[in-house]
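Visitor:
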Amino acid sequence: MRPMLKAVSGSSDILPQAKEYPFREPVFRYIVKTAEEVLRGAGAQMIHTPIFEYLEVFQKGAGSTSDIVVKKEMFVLEDRGKRLLALRPEPTAAIVRAYNEHGMKVWPQPVRLFTWGPIFRGERPQKGRYRQFHQVDYEALGLADPVLDAEAIALMVRIYKALGLQNFELRLGSVGDPEDRARYNQYLRGLLLPHANRLSPESRARLEANPMRILDSKDEQDQAVLAELGVKPMLEFLGEEAQAFHEQVCRYLERLGVAYTIDPNLVRGLDYYVRTAWEVHHAHVGAKSALGGGGRYDGLSEMLGGPRVPGVGFGIGVERVALALEQEGVAIPPDPSPILYLAPLDEAAKIEALVLAEQLRPKAFVEIGYVPKNPRKALEEALRRGVEYVGFLGENERAKGVVTLKHLPTGEQRELEPLQLHSLFEGPR
RNA sequence: GUGAGCGUAGCUCAGCCGGUUAGAGCACCGGUCUGUGGAACCGGGGGUCGUGGGUUCAAGUCCCAUCGCUCACCCCA
10 MRPMLKAVSG SSDILPQAKE YPFREPVFRY IVKTAEEVLR GAGAQMIHTP
60 IFEYLEVFQK GAGSTSDIVV KKEMFVLEDR GKRLLALRPE PTAAIVRAYN
110 EHGMKVWPQP VRLFTWGPIF RGERPQKGRY RQFHQVDYEA LGLADPVLDA
160 EAIALMVRIY KALGLQNFEL RLGSVGDPED RARYNQYLRG LLLPHANRLS
210 PESRARLEAN PMRILDSKDE QDQAVLAELG VKPMLEFLGE EAQAFHEQVC
260 RYLERLGVAY TIDPNLVRGL DYYVRTAWEV HHAHVGAKSA LGGGGRYDGL
310 SEMLGGPRVP GVGFGIGVER VALALEQEGV AIPPDPSPIL YLAPLDEAAK
360 IEALVLAEQL RPKAFVEIGY VPKNPRKALE EALRRGVEYV GFLGENERAK
410 GVVTLKHLPT GEQRELEPLQ LHSLFEGPR
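Written as structure tokens, this is what we have:
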């Protein structure tokens, strides 16, 4: 193979006909469009933020437990003034930034926004994880009410259902308020420190910085130690308010008939998350089974230098959902085919075909063929495109000033003048 | 950052124990076929066998390195 430039590893072209679901454009569009319909139906408005921001936008909320920048998990670039920029690794912080920048606090609250687009993470790619991937994202800002959490969760679940997915599971938890988390981390350190020598090196390293992450270690020995010590889950460390908030969300979901399972150890890697956290999981979408996740982030706006703006929202991984659709064999609605395929039979007929096509558009979806060697080829081309009608334009037609129109399902064929064609395609059908 | 598997035509792959000029199917283009149903038949283009080195009389095949892809670990907003 001759050396040839290719797409960057972990990024993909999204093609009309791709072998794999995540990179097949009609699948992609189906997911975004379905989500858009559900979210608009709830009063959410679409916005788009730039795909890059000042690095601090994504850094401020990340916090001490997370060395995301240091570990090169963000694509960082420098502008001419030497300010550091980052390709967005998540939509939430950018949307909160936009909320503050444009004074959305004077809009009727809560402000429900959604967006979709590319997200960038400098990780090594594997199944369902790419360096450029796409998310649909919803945020409800300006009000700290558990009913908004329940609404967000219900909307997210409804998107998956509307897409035709069945085998997914909603896992709900709470990461508490910052002080609850501090208490819990303290508890974990106290409990695990005496047994540090029995933990895996990775877990030992987490003991100081982020002990909650030890809980979902894949190391068997670690899990054995955790079981032996009878470690209590995060959920038992919620403060009074966080506890009441959590119970309220649960009650609302039950009232809504949204099925969930409690995950008492749901963890978030970023500092700005508080209270409600949830994930939707599905088998066979890669090493990690999450189709998407969400949570509440009441402290984020302040971390970005803004006023206190409570918020709750979720992100849906488009490629992950595509894998789930493939796994469940969900049929994607096919793109519409042209209604009419115009086949010029000689060079002179090419422009006649184009003139006619332009007259019929946009009422009718008309595609023009190239000049084929014979009408048989033209017919084959038409059949391959799945059209309903094929119109031949050749010498005979030119002499009579007509188009030979063939209706493919019936094989019925007649000669029509342009005006008759117009009424056929422009009238009610 | 760590580990494993895989690299032969646009795609899917075959190629024996190392042996002559590297193959098939699909796809594409053309012909049979300037006036009608996806066919069939015939023909064609397309490969430095990922790259570099080594062993050998001889390497797609064996060895080493390197690059790429994939999967998993780490991490996961």
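Residue 10 is where the first sequence starts when you use the working numbering, and the numbers rise one by one after that. Yeah, the Cβ is synthetic: ideal placement off N, Cα and C, and Gly gets one too.
For residue 421 and residue 25, I'd like the C-alpha separation in whole angstroms.
Guide: Rounded to the nearest angstrom, the two C-alpha atoms are 32 Å apart.
Visitor: Could you check the C-alpha separation between residue 17 and residue 65 for me, to the nearest Å?
Guide: One C-alpha to the other measures close to 26 Å.
Visitor: Starting from residue 43, trace the alpha helix (DSSP H) in both directions and tell me its first and last residue.
Guide: 34–49 is the span of the alpha helix (DSSP H), which, as asked, contains residue 43.
Visitor: Please state the DSSP three-state secondary structure of residue 431.
Guide: It is helical.
Visitor: What did DSSP end up calling residue 165 once you bin it into helix, strand or coil?
Guide: Helix at residue 165.
Visitor: Are the segment 36–54 and the segment 139–155 touching by the rule of at least three beta carbon pairs closer than 8 Å?
Guide: Counting Cβ pairs under 8 Å, three or more are found: they touch.
Visitor: Out of 284, 389, 397, 326, state which residue places its alpha-carbon closest to the alpha-carbon of residue 255.
Guide: If we check each option's Cα against that of residue 255, 284 comes out closest.
Visitor: Let me know the secondary structure DSSP gives residue 222 once reduced to three states.
Guide: Residue 222: helix per DSSP, three-state reduction.
Visitor: Using C-beta distances below 8 Å, list every residue in its chain close to residue 337, excluding the 5 sequence neighbours before and after it, in chain order.
Guide: Counting only Cβ-Cβ distances below 8 Å, and skipping sequence neighbours, we find 173, 174, 175, 176.
Visitor: The beta strand (DSSP E) that contains residue 290, what's its start and end?
Guide: 283–291 is the span of the beta strand (DSSP E), which, as asked, contains residue 290.
Visitor: Is it right to say residue 343 is buried, meaning 16 or more other beta carbons lie within 10 angstroms of its own, or is it exposed?
Guide: Classification for residue 343: exposed.
Visitor: For the candidate residues 335, 157, 211, 171, whose alpha-carbon lies nearest to that of residue 230?
Guide: Cα-wise, what sits closest to residue 230 is 211.
Visitor: In the structure shown, what three-state DSSP assignment does residue 28 receive?
Guide: Residue 28: coil per DSSP, three-state reduction.
Visitor: In angstroms, rounded to a whole number, what distance separates the CA positions of residue 298 and residue 21?
Guide: So the alpha carbons of these two residues sit roughly 21 Å apart.
Visitor: Can you give me the C-alpha to C-alpha distance between residue 312 and residue 278, rounded to a whole angstrom?
Guide: Each residue's alpha carbon lies about 16 Å from the other.
Visitor: Relative to the C-alpha of residue 269, which candidate in 252, 281, 290 has its C-alpha closest?
Guide: It is 290 whose Cα lies nearest to the Cα of residue 269.
Visitor: With respect to the alpha helix (DSSP H) encompassing residue 262, which residues constitute its N-terminal and C-terminal limits?
Guide: Element bounds for residue 262: 249–265.
Visitor: For the alpha helix (DSSP H) containing residue 386, list its first residue and its last residue.
Guide: Its alpha helix (DSSP H) spans residues 384–394.
Visitor: Under 8 Å, with one C-beta from each stretch per pair, do the segment 359–378 and the segment 325–335 reach the 3-pair mark?
Guide: Result no; under three Cβ-Cβ pairs closer than 8 Å.
Visitor: Around the Cβ of residue 379, are there at least 16 other Cβ atoms within 10 angstroms (buried) or fewer (exposed)?
Guide: Its Cβ having fewer than 16 others within 10 Å, residue 379 is exposed.
Visitor: Please return the same chain residues whose Cβ sits closer than 7 Å to the Cβ of residue 156, not counting the five positions on each side in sequence.
Guide: Only 261 meet the Cβ criterion.
Visitor: When you compare only the Cα positions, how much space is there between residue 119 and residue 152?
Guide: Their backbone Cα atoms lie some 6 Å apart in a straight line.
Visitor: Relative to the C-alpha of residue 329, which candidate in 40, 398, 259 has its C-alpha closest?
Guide: Ranking 40, 398, 259 by Cα distance to residue 329 puts 40 first.
Visitor: Three Cβ pairs or more, each shorter than 8 Å: is that satisfied between the segment 360–370 and the segment 383–391?
Guide: Because the criterion of three Cβ pairs below 8 Å is not met, the segment 360–370 and the segment 383–391 do not touch.
Visitor: I need the DSSP call for residue 192, collapsed to helix, strand or coil.
Guide: The answer is helix: DSSP assigns residue 192 an H, G or I state.
Visitor: Might you give, ordered along the chain, the residues of its own chain that have their beta carbon closer than 8 Å to the beta carbon of residue 430, omitting 5 neighbours on each side?
Guide: These residues qualify, in order along the chain: 365, 369, 400, 412, 414.
Visitor: So residue 407 is in the alpha helix (DSSP H); what residue range does that whole segment cover?
Guide: Residues 404–409.
Visitor: Label residue 135 either buried or exposed according to how many other C-beta atoms from any shown protein chain fall within 10 Å of its C-beta, with 16 as the threshold for buried.
Guide: With fewer than 16 other Cβ atoms within 10 Å, it is exposed.
Visitor: Closer than 6 Å by C-beta to residue 86: which residues in its own chain qualify, once you throw out the five before and the five after it? Chain order, please.
Guide: The residues are 94.
Visitor: If contacts are defined as beta-carbon pairs under 8 Å, then residue 36 and residue 417 qualify, I think. What distance do you get, rounded to the angstrom?
Guide: Contact doesn't hold; Cβ gap of about 28 Å is too wide.
Visitor: Per DSSP, which residues does residue 7 bridge with? Please list them.
Guide: Within the shown structure, residues of the chain are numbered from 10 to 438, placing residue 7 beyond reach of any answer.
Visitor: Quick one: what's got a C-beta closer than 6 Å to residue 390's C-beta in the same chain, skipping five residues either side?
Guide: So the list reads 378, once near-sequence residues are dropped.
Visitor: Please go through the same chain and pick out, in chain order, the residues whose beta-carbon is closer than 8 Å to the beta-carbon of residue 424, but skip the five residues on each side of it.
Guide: Excluding sequence neighbours, residue 424 sits near 406, 409, 411, 412, 413, 414.
Visitor: By how many angstroms is the C-alpha of residue 84 removed from the C-alpha of residue 129?
Guide: Roughly 7 Å separates the two Cα atoms.
Visitor: What does the alpha-carbon distance come out to for the pair residue 97 and residue 60?
Guide: So the alpha carbons of these two residues sit roughly 6 Å apart.
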